[in-house]
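Encoded as structure tokens, the structure appears first; notes follow it.
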Amino acid sequence: MAATDIERGLSTVEVEERIAAGKINRNMELKTKSVKELIIENLCTLFNLINVILAFLVILTGSFKNLTFLFVVFLNTAIGVIQSMRSKKMVDKLTLLTSKKAIAVRDGAEVELDLDQIVLDDIIRLGRGDQIPADAVVVSGEALVNESLLTGESDLIKKQPGSELMSGSFIDSGLLRARVIHVGADNYVAKINNEAKYVKKVNSEIMNALNAIVRFASIIMIPLGLALFASSVSGLWDAAGTPGDSALSWCFSELLAGHVPSSALLSTVGALLGMIPQGLVLLTSSVLAIATVRLARRKVLAQQLYCIETLARVDVLCLDKTGTITSGRMEVEGTYPLPVEGMGAGEGDAAVPVDTTVLDFALANVARATSADANETCQALLNYYADRPVEVSEPLSVIPFSSSKKWSGASFAQGSYVMGAAQFVLSDRAFSQVENRVAELADTCRVLVVALVDGFTPDGDMVGEAEPVGFVTIRDEIRTSAAETIGYFNEQGVTLNVISGDDPRTVSSIARVVGVPGADAYVDATTLDTPAKLDAAVDRYHVFGRVTPQQKRELVQALKRREHTVAMTGDGVNDVLALKEADCSVAMAAGSDAARNVAEIVLVDNDFASMPAVVAEGRRSINNLQRSASLFLTKTLFSMGLAALCIALPPYPFEPIQMTLINFFCIGAPGFVLGLEPNNARVKGSFLTNVLKRALPASIAVILAAALDIFVARVFGFNQLTLSTMCLLTSCAASVSLIWRISQPLTPLRVVLFVFVVAGILAGVIGFPELLSIANLSMGQMVILAVIVAFTCSVFFKLATMMDSLKPRRCHAATGFGRGVRVRLGRGGGKVSSTGSTAERFAKRVAADMAQRRESRTVREAEARALEGVAQAQPKKKKGTGAKRSRVTKSAQGIKVSMPSKKKK
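According to full-length UniProt numbering, the sequence shown is numbered sequentially starting from 1.
So, in structure tokens, the structure goes:
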């Protein structure tokens, strides 16, 4: 573009032509979901669909008191919507904090434009601190550009006429004009964002377990429900005197006549409701929602409920250096003075104070003199000397930093000094004398030399040969809490990987400072030019430098292929692809819009030290939910078993209103109280396996008790109301026993909870018999009930003890999410196989433990018999006969007895 065009810019006509052609800088940032999308997402679930269908069936019977279960559905949906809306509001608010204006030249005048008003070929003016709104090429001026949000590279990049500017980067110093070459979707930052727009599946073991339970229940409840309804209708048909050809034809005739078989329908709905873990879904949403509120007080935004749990299970944490370990600012690592002759106290009023080195005086005053256009290096020096007693001297002349000179300087009464890169400040002779020292310091930091010169020319050049007075090392400012936070994850056994676009030596030095294990070994990702090399590097290195956005994603994918649960932290556009790929992604609020929008967790105060608090909340949620979930899953399991039992022995003994009593006092209230207790213990084992080990004993006990109730009712001719009451009380007894067991060790709160549960059940049964359909039992019926209750409790405690005695698995999967891998090593090499689903692994472990106990018992008996035989045989041996003695040795199976062989006569 000609010089006249640079000054004039586009005309109004040219702008209108480009707008008409669609060559405008449309906003291509990732958007949060709309309110409508959030509501639909939380409303249209399989869980809600099942409950709506069951509610419709209850409405047909006209028994509206049995619709109380819809309250749980409403609460669960409301919690999900409110949490989603809260996260959306926070992210939108953070997005508005960034600059959304740009200066363009049009018709010879500078005008302020919104970013989406910029068109192709616009001339834009950019100065210090401005964010580049669109890809452009420099047409005049020079500047240093910070591209760390795009590339991860913390070094400033010099831009001059002909250089390209990438959208999303910032001008650190200088002033330039640039012509826009890409707009909208063609911008670099937009292309990265587009690659990150796919929907990432939430990797949550709790959510997967809940979904598996709901899916399993939804599948099994259809045949069970139909069979149970048919069985109940058959019973009604028999009671009606078997009119018509069959029970089915009689049922249709009754429906056509407007007579709904209410009792059959209600008993079926009651059974089906028990199969759906309504309270567990609500409890999970509530516990995680409360966790997000607690984290919000710590300035941590959880945009997705289940991400808290995922972070607590993470075994590999990938850290981005810039913005995570470091603050994104520069700091002075140290100053290294050189001996200087002729500069000290006693040389007149212009001498440097005796208590200040020449180096400190020069650094502090040159930084102050050039602070009007302070770049990151200058700002780091200003911060360093802000609280250090260095005399302030009035500058006589100032030479601002220039990207072409690579130094800045100033003259004072005490002398003239320059500060910059040693290769550009010193002569070849002077540089050769300090080259080794510069190389030594440059291993971990950026090195600047400070030199004394005779003065400056009117054009700003140095006069005379520069004499070095010392060095200052500048490095990325490490967050004060970084070392402590990384130490916490080391203690928790989490593998740490630092992945950065910066120089690998710089990344390695910073990783060593904060305590990342294995930081001495690093790799330059530019050498990982094949998928095989990159995949191999994952197992060998923990520090990666010069990593592209695509490579970051591939590294995360490689870790996930090894069945690791991976968390990724980042703040720039270059981190977006990896953030989307990770199981749990964490972004800084001060980072790019794209990073914030794709991350599940946003650190609002940009403090990496908040991460342990997230892990603690996740542990509390998982451990407590595992304990409370056993209460909910007990009802689901015994409802399924009881429904199958009642197909053969109808009718189903519970009504929906009776399940409400169990749901509240035996499940809901204790579940919520136990689910919100403090608990920072490490998460162990599979969620579903741990829950099943607690829930199965109570479920089996309830099913056996119900079978006894039905048998007794049939033998003694008890009516349906009496049977229903007996089943309700025996189920409550098993549930109370489970609550007692999972409340160990007892605390004052747990004692109060246990008393509340027992008192609540008694109050409901005694105080509201009509509402809960409770029969008035005779003395004989009470005695029978007491015997069955005692049997139920004893069965439960016996089964629970057996479950607790099961040993933990010996082959550990690499992850706890549904499926894993098992590695067996032998002389013939290794063998990798699938461990199967969680349920399959649990069943196999039970069978293996039983087989091992049998084998151990057999071995012990064999040992005893062998030792006894040896003891009996030894006294019969005569000394000195040379006879061979029996020999007892250890073997892999226990002991081995070698008996002497007999010679044939």
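Here a beta-carbon is modelled for each residue, glycine too, at the ideal position from N, C-alpha and C. This one's a predicted model, so the numbers in the text were calculated from it and none came from an experiment.
Notebook entry, point to check: Where A136 and I206 are concerned, what is the direct C-alpha to C-alpha distance, given to the nearest angstrom?
Noted result: Sequence index remark: in the sequence shown, residue 136 carries index 136 (1-based). Sequence index remark: in the sequence shown, residue 206 carries index 206 (1-based). Looking at the two C-alpha atoms, the distance is approximately 48 Å.
Using 7 Å as the threshold, is the C-beta distance between L359 and P395 below it? The residue you call residue 359 lines up with position 359 of the sequence shown. The residue you call residue 395 lines up with position 395 of the sequence shown. It is not a contact, given that the beta carbons lie outside the stated cut-off.
Give me the residue from R179, S167, L175 with the minimum Cα distance to A185. Your numbering for residue 185 matches position 185 in the sequence shown. When R179, S167, L175 are compared, the shortest CA-CA separation from A185 is found for S167.
Next on the checklist: Going by DSSP, what residue range makes up the beta strand (DSSP E) through L144?
Outcome noted: Within the sequence shown, numbered from 1, the residue matching residue 144 stands at position 144. Where L144 is concerned, the enclosing beta strand (DSSP E) stretches over 136–146.
Where do the N-terminal and C-terminal ends of the alpha helix (DSSP H) with V573 fall, by residue? By one-based count along the sequence shown, residue 573 stands at place 573. Careful: V573 lies outside any alpha helix (DSSP H) and carries neither H nor E.
Query raised in the report: Is it true that the CB of V602 sits closer than 7 Å to the CB of A613?
Result: Against the sequence shown, residue 613 aligns to sequence position 613. Against the sequence shown, residue 602 aligns to sequence position 602. No, Cβ-Cβ distance for A613 and V602 is not below 7 Å.
Check: Rounded to a whole number of angstroms, what is the C-alpha to C-alpha distance between Q117 and E435?
Finding: Start at 1 with the first residue of the sequence shown, and residue 117 comes out as number 117. Start at 1 with the first residue of the sequence shown, and residue 435 comes out as number 435. Whole-angstrom Cα-Cα distance: 51 Å.
Practice item. Could you spell out where the alpha helix (DSSP H) holding E440 opens and where it closes? Key: Against the sequence shown, residue 440 aligns to sequence position 440. Start and end: 428–441.
| task | Starting from A536, follow the alpha helix (DSSP H) in both directions and report where the run begins and ends. | result | To locate residue 536, count along the sequence shown from 1; it is residue 536. Its alpha helix (DSSP H) spans residues 531–540.
Open item on the list: My assumption, with CB atoms under 8 Å, is that T322 sits in contact with D502. Please give the rounded CB distance.
Closed with: What you label residue 322 is simply residue 322 of the sequence shown in a count that begins at 1. What you label residue 502 is simply residue 502 of the sequence shown in a count that begins at 1. Indeed, because the Cβ distance is near 7 Å, the residues count as touching under 8 Å.
> Are L115 and V269 touching if we call contact CB-CB under 7 Å?
Replying inline: Position 115 of the sequence shown, counting from 1, holds the residue named residue 115. Position 269 of the sequence shown, counting from 1, holds the residue named residue 269. In this structure, V269 does not lie closer than 7 Å to L115 by Cβ.
Indicate whether G334 and T473 have their beta-carbon atoms separated by less than 7 Å. Taking the sequence shown and counting its residues from 1, the one referred to as residue 334 is at position 334. Taking the sequence shown and counting its residues from 1, the one referred to as residue 473 is at position 473. Yes; because the gap between Cβ atoms is below 7 Å, this pair is in contact.
request  = Following the continuous alpha helix (DSSP H) through A705, name the residue where it begins and the one where it ends.
outcome  = As a first step, residue 705 must be located in the sequence shown, where it is residue number 705. Where A705 is concerned, the enclosing alpha helix (DSSP H) stretches over 687–716.
Beta-carbon contacts of A521 that lie in its chain and below 6 Å, excluding the five residues immediately before and after:
The residue given as residue 521 occupies position 521 in the sequence shown. Hits under 6 Å: Y541.
- Could you check what DSSP says for D186 in three-state terms: helix, strand or coil? In the sequence shown, residue 186 corresponds to position 186, counting from 1. DSSP places D186 in helix when its eight states are reduced to three.
Check your understanding: Just checking my contact of V691 with L633 at CB under 8 Å: how many whole Å lie between their CB atoms?
Key -> Within the sequence shown, the letter at position 691 stands for residue 691. Within the sequence shown, the letter at position 633 stands for residue 633. Between the beta-carbon of V691 and that of L633 there is about 5 Å, and that keeps the pair under the 8 Å contact cut.
Option in S411, C318, N597 with minimal Cα separation from A302: Position 302 of the sequence shown, counting from 1, holds the residue named residue 302. Here the closest residue by C-alpha is N597.
| field | Other residues of its chain near N42: CB distance less than 7 Å, five sequence neighbours each side excluded | value | In the sequence shown, residue 42 corresponds to position 42, counting from 1. Once the five neighbours on either side are set aside, the close Cβ partners of N42 are T77, G80, V81, S84.
Secondary structure at residue 918, three-state DSSP: helix, strand or coil? Residue 918 lies beyond the residue range present for the chain, which begins at 1 and ends at 905; the question has no answer from this structure.
Backbone secondary structure at T660 - three-state DSSP: Counted from its first residue, the sequence shown places residue 660 at position 660. If DSSP states are grouped into helix, strand and coil, T660 belongs with the helices.
How should D428 be labelled, buried or exposed, when 16 other C-beta atoms within 10 angstroms of its C-beta is the threshold for buried?
Counted from its first residue, the sequence shown places residue 428 at position 428. It is exposed - the Cβ of D428 has fewer than 16 other Cβ atoms within 10 Å.
Residue from E110, A590, V438 with nearest C-alpha to D122: On the sequence shown, residue 122 is found 122 positions in, with the first residue counted as 1. Just measuring C-alpha positions, the residue of E110, A590, V438 sitting nearest D122 is E110.
Which residues does DSSP pair with Y336 in a beta bridge?
Here residue 336 refers to the residue found at position 336 of the sequence shown. According to DSSP, Y336 bridges with F471.
query = Is S99 buried or exposed, if buried means 16 or more other CB atoms sit within 10 Å of its CB?
reply = Counting from 1 along the sequence shown, the entry for residue 99 is found at position 99. Below a pLDDT of 50, predicted positions are generally treated as unreliable, and S99, at 47, falls in that range; the measurement from the model is reported next regardless. Around the beta carbon of S99, fewer than 16 other beta carbons lie within 10 angstroms, which makes this residue exposed.
Query raised in the report: Hey, how far is the Cα of N680 from the Cα of E617?
Result: Position 680 of the sequence shown holds residue 680. Position 617 of the sequence shown holds residue 617. When rounded, the distance between both Cα atoms is 8 Å.
| task | Check the DSSP bridge columns for T61 and list the partner residues they point to. | result | Here the question's residue 61 lines up with position 61 in the sequence shown. None; T61 has no bridge partner.
Let's see if you can read the secondary structure: which residues bound the alpha helix (DSSP H) around M802? By one-based count along the sequence shown, residue 802 stands at place 802. Per DSSP, the continuous alpha helix (DSSP H) segment holding M802 begins and ends at 779–805.
Margin query: Less than 8 Å between C-beta atoms, sequence neighbours within five positions excluded: which residues of the same chain meet that for I703?
Written below: In the sequence shown, counting from the first residue as 1, residue 703 sits at position 703. Excluding residues within five positions, the ones whose Cβ falls inside 8 Å are F638, G641, L642, L645.
Neighbour-count burial assignment, K159, 16 or more Cβ in a 10 Å radius | Walking along the sequence shown from the start, residue 159 turns up at place 159. By the 10 Å Cβ count, K159 comes out buried.
Considering just the uninterrupted stretch of the alpha helix (DSSP H) at F361, what are its terminal residues?
As a first step, residue 361 must be located in the sequence shown, where it is residue number 361. It spans 358–369 - the alpha helix (DSSP H) in which F361 sits, taken as one unbroken run.
Between the Cα of A763 and the Cα atoms of V390, A648, F664, K191, which residue gives the shortest distance?
-> Reading the sequence shown from its first residue, position 763 is the one you call residue 763. When each option's Cα is compared against that of A763, the closest is F664.
### Query
Comparing alpha-carbon positions, which option in V73, N490, P531, T527 lies nearest P504?
Taking the sequence shown and counting its residues from 1, one reaches residue 504 at position 504. For the residues V73, N490, P531, T527, the minimum Cα distance to P504 belongs to T527.
| query | Should the stretch 752–762 be regarded as contacting the stretch 658–672, the criterion being three or more beta carbon pairs within less than 8 Å? | reply | yes
According to DSSP, is C44 helix, strand or coil?
Numbered from its first residue, the sequence shown carries residue 44 at position 44. The answer is coil: DSSP assigns C44 none of H, G, I, E or B.
Could you please give the first and the last residue of the uninterrupted alpha helix (DSSP H) stretch that includes residue 971? It is not possible to answer for residue 971, since the shown part of the chain is limited to 1 through 905.
Exercise. Please confirm if the stretch 720–731 is in contact with the stretch 773–792, defined as three or more CB-CB distances below 8 Å between the two stretches.
Key: Judged by Cβ distances under 8 Å, the stretch 720–731 makes contact with the stretch 773–792, as three or more pairs qualify.
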